[in-house]
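In this text, residue positions in the sequence shown follow UniProt numbering: the first is 1, and each later residue adds one.
Working notes, beginning with the structure itself.
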Amino acid sequence: MFIDNDFILNPNYESLSLKKEKEIVSYLLSNGISLNTANIITDKLYYKFHNLYNIVNSDEKELLKIKGITSKKVFILKNIPMLLECFLINSLKSDSLDLKKKDLINYLIIKFGRLKFEAFSIICLDINKRLISIEQIFRGTIDSATIYPRDLVEKALSLGSSYVILSHNHPSGIAKPSKADIEITEIIYKAFFMVNIKVLDHIIIAGNIHYSFRENGILDKYKDSISVGV
């Protein structure tokens, strides 16, 4: 997970951030009621659930037990992640992914970090490494997903991709790749190489943490093995 430099430099960052967070939540909940009333509701939410993550992921019945919380307000709270997803997708489309890596990681964490099943996605980029689309291709059980490299290649080609980034989640909460993850990624890497599409990374999401194949040198090993075989 990326850490804002202000967190390190400013000892009051955490309290200031929480204050701003609660202020935004209050504004979201203030439709049809006074801001003062919304502030009281927000304080009750944070007292019971402690943080925004817990609030958003709480059972609807538990949220409705808070005085002042209605079904409409539950809808607003539950859709905060969707709003963030839309914001990050638009950000990713605005510039090269070389400059938007942080936004990509945050998007993947929000989109896939809470899933109870394993899902495999492909991030398709154009010649300038701008986002074309993020496609969930395969869905599996809690600890596995069946991957067909041909389907990934066909999807990337159909979208006119020049580069791709692979991503899947680990519901177990452990981001480190398994032996099977490493082996299938090599097969996929070589399949894309054959059609002149470069795999830039494979990112594993586990809760709010991630693992990058590129940053850990695994993709370089695939590249070297291709060079040796040529």
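For each residue, glycine too, the CB sits at the ideal point set by N, CA and C.
Nothing here was measured: the structure is a model prediction, and the numbers come from that model.
Judged by their CB atoms, Val-56 and Lys-78 are nearer to each other than the 8 Å cut-off. Within a 10 Å sphere around the beta-carbon of Lys-61 sit fewer than 16 other beta-carbons, which makes this residue exposed. Looking at Lys-223, Thr-185 and Leu-200, the one whose alpha-carbon comes closest to that of Tyr-163 is Leu-200.
Counting C-beta pairs closer than 8 Å gives three or more between the stretch 215–223 and the stretch 182–192, which meets the contact rule. Straight through space, the alpha carbons of Ser-225 and Ile-80 are spaced by roughly 44 Å.
In the DSSP assignment, Arg-139 forms a beta bridge with Ala-119. Cα atoms of Lys-116 and His-170: separation of roughly 9 Å, rounded to the nearest angstrom. Membership of Ala-38 in any beta strand (DSSP E) is not indicated; the residue belongs instead to the alpha helix (DSSP H) covering 35–49.
In the three-state reduction of the DSSP assignment, Asn-90 falls in the helix class, which pools H, G and I. Annotated three-state conformation of Tyr-148 is coil, per DSSP. Look at Val-25 here: in three-state DSSP terms it is helix. Of all alpha-carbon atoms in Lys-111, Glu-118, Leu-64 and Asn-128, the one lying nearest the alpha-carbon of Ile-134 is that of Lys-111. In this structure, DSSP gives Asn-57 a state outside helix and strand, which the three-state scheme calls coil.
Glu-118 and Asn-36 have their C-alpha atoms some 42 Å from each other.
Taking the C-beta atoms as reference points, Arg-130 is found nearer than 8 Å to Ser-96. Just measuring C-alpha positions, the residue of Leu-108, Tyr-148 and Gly-160 sitting nearest Val-195 is Gly-160.
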